[in-house]
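Student: Starting off with a structure, shown below.
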């Protein structure tokens, strides 16, 4: 005969279980509420990789077949690939100015392509992208090509050089002062030339020859890279440059090691700031001239030295992605890759880039290149990855690098001053893939020429009196293209649509007059 359950004991047991469950819920609530505010929404680290002279058709994820870019392809496959992403200008200095300030460079005099001894063209008091992120709690660093000037008067390369990146909101900097084809051929770390010896001071001049070092003009037989035009001043590392310099021999870079040097600095920054959040602006030198890839990349591509340095660039990207993976940071890091302008093949050195293209099309299906008002001048590769936040895919949203300031401020919950980033628009929903709608209107700069984009329509005004005289009759009123069905800008519709030309001309004039 079985035992009869004791109902009194049963009730006590249920009461104990219920009490324990209530205690567990209270403890869980206490733990959640004790977490620091915003811990569940920690801002992402930001790595902005800014390539140089890399065109819309230069990456295999954008259709290149002669050049293979597996690391960039992996970035694209895990994130969002933009097909209508733009630099603000078709040359480097104005694009970099717009990216950091949120203002079109054509609004400010003196923002054209700078010599290597130019002064800083961004006012230290101005709100910049790194300053905004620093105020949001980010550690900020810049590594690589700068080309926005340094100092505020004649530069003494043997003393502290300021103002510079640190005065614009970066906590640390390791930069190429201008470009690889301009003197001085040294790195600047924070405020000083890196590796400079006191008994071998540097002197730089862009007006007249100084010193007795050989030049490409006088002794071309010493060159390991011949010239096509210009670039015939002081020879450094067997390559002649724009401008003259003497001294600083211990501090001079070796072009073939440049990608390794700046990539090592970039990964070191990530290491040092792994606790985050951090912002790294990594501005590569590739694929700018002089193209001098490390020996392990020479001959690696199927289209000459220009293809080789793009594959070297891809390796640099791979090193940064690997570092993020090794530190378990990839899941909370927004990585953006883009370029400062479209591609150029012959840019002053006879390096075989033209002859060795082998059918490769650096601008892909686009018309124009670097320096050009056509789409190939500013429509560039643009990739964004943030695992778990950005869904994989392709976006046709119209976006521009001038929008980084407003968009990343919105992401970080930062309110910009009223006078900050006058041309920067908050396109964060497009950047994160939440919307396929970006800008309504974009101004594209090519030197002193401006073009306007509005949706699929693009209008390029005549290029001044002399250009108008030399233009075909159909182009004297300017050029109008519908990019939705003529991406290559082959059919000028200005004569057929004078009303739309008038509307876009007026819109461009209004924007030019603003701010």
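In this note's numbering, the protein residues as written are 115 to 629. The beta-carbon is built from N, C-alpha and C at its ideal position, and this holds for glycine as well. In this text the structure is predicted, and so the values were computed from the model without any measurement.
1. Mind reading off the beta-carbon distance from residue 542 to residue 524? Whole number of angstroms is fine, and I expect it under 8 Å.
2. Label residue 605 either buried or exposed according to how many other C-beta atoms from any shown protein chain fall within 10 Å of its C-beta, with 16 as the threshold for buried.
3. How many angstroms separate the CA atom of residue 238 from the CA atom of residue 229?
4. Are residue 470 and residue 420 close, meaning C-beta to C-beta below 9 Å?
5. Between which two residues does the alpha helix (DSSP H) holding residue 248 run?
6. Which runs of the beta strand (DSSP E) spanning at least 3 residues fall entirely within the region 350 to 430, listed in chain order?
7. Under the three-state reduction of DSSP, which class applies to residue 182: helix, strand or coil?
8. According to DSSP, which residues form a beta bridge with residue 200?
9. Can you tell me whether residue 387 is buried or exposed, with buried defined as 16 or more other CB within 10 angstroms of its CB?
10. Do you know how far the Cα of residue 570 is from the Cα of residue 297?
11. Measure from the alpha carbon of residue 281 to the alpha carbon of each residue in 270, 266 and 272, then state which is nearest.
12. Take every Cβ of the region 198 to 217, pair it with every Cβ of the region 243 to 263, and state whether three or more of those distances are shorter than 8 Å.
13. Excluding the five sequence neighbours on either side, which residues of its own chain have a C-beta within less than 6 Å of the C-beta of residue 567, listed in chain order?
14. When you compare each of 393, 521 and 385 to residue 163 by their alpha carbons, which one comes out closest?
15. If we ignore side chains and look at the alpha-carbon of each, how far apart do residue 494 and residue 325 end up?
16. Identify every residue that forms a DSSP beta bridge with residue 568.
17. Using a Cβ-Cβ cut-off of 8 Å (strictly less than) and excluding sequence neighbours within five positions of residue 140, which residues of its own chain qualify?
18. Near residue 308, which residues of its chain fall below 8 Å by C-beta distance, leaving aside the five closest residues on each side in sequence?
19. Drop a sphere of 10 angstroms on the beta-carbon of residue 508, count the other beta-carbons inside from all chains shown, and report buried for 16 or more, exposed for fewer.
20. Would the beta-carbon of residue 459 fall within 9 Å of that of residue 483?
21. Would you tell me roughly how many angstroms separate the C-alpha atoms of residue 256 and residue 610, rounded to the nearest one?
22. Out of 367, 628 and 565, point me to the one whose CA is closest to residue 619's CA.
23. Output the boundary residues of the beta strand (DSSP E) element that contains residue 297.
24. Roughly how many angstroms separate the alpha carbons of residue 154 and residue 219, rounded to a whole number?
25. Please name the residue, chosen from 188, 337 and 423, that lies closest to residue 370 on a Cα-to-Cα basis.
26. Once the 5 residues before and after residue 577 are set aside, which same chain residues still bring their CB inside 7 Å of it?
27. Given that a residue counts as buried once 16 or more other Cβ atoms are within 10 Å of its Cβ, and exposed if not, what is residue 553?
28. Label residue 612 either buried or exposed according to how many other C-beta atoms from any shown protein chain fall within 10 Å of its C-beta, with 16 as the threshold for buried.
29. Less than 6 Å between C-beta atoms, sequence neighbours within five positions excluded: which residues of the same chain meet that for residue 449?
30. State the CB to CB distance for the pair residue 254 and residue 285, rounded to an integer number of angstroms; the pair is presumed to be in contact (CB under 8 Å).
31. Pop quiz: residue 536 and residue 224 are said to be a contact at Cβ under 8 Å. What is the actual Cβ separation, rounded to whole angstroms?
32. Express the C-alpha separation of residue 196 and residue 602 in angstroms, rounding to a whole number.
33. Rounded to whole angstroms, what's the CA-CA distance from residue 277 to residue 244? Just pull it up for me.
34. So, are the CB atoms of residue 400 and residue 355 less than 9 Å apart?
35. Would residue 503 and residue 158 be called neighbours here (beta carbons separated by less than 9 Å)?
36. I need the straight-line Cα distance from residue 362 to residue 350, nearest angstrom please.
Tutor: Working from what's here:
1. 5 Å
2. exposed
3. 20 Å
4. yes
5. 243 to 249
6. 358 to 360 and 392 to 397
7. coil
8. 493 and 514
9. buried
10. 42 Å
11. 266
12. yes
13. 556
14. 393
15. 41 Å
16. 555 and 571
17. Because residue 140 sits at a pLDDT of 37, beneath the cut-off of 50, its placement in the model cannot be relied upon, and the point is left open.
18. 288, 300, 301, 302 and 365
19. exposed
20. yes
21. 48 Å
22. 565
23. Element bounds for residue 297: n/a, residue is neither H nor E.
24. With a pLDDT of 37 at residue 154, under the threshold of 50, the modelled position of that residue is not reliable, and the figure given next carries that caveat. If you take the alpha carbons of residue 154 and residue 219, they lie about 38 Å apart.
25. 423
26. 563
27. buried
28. exposed
29. 161 and 499
30. 5 Å
31. Going by Cβ atoms, the distance from residue 536 to residue 224 rounds to 17 Å, so no, they are not a contact pair.
32. 17 Å
33. 15 Å
34. no
35. yes
36. 11 Å
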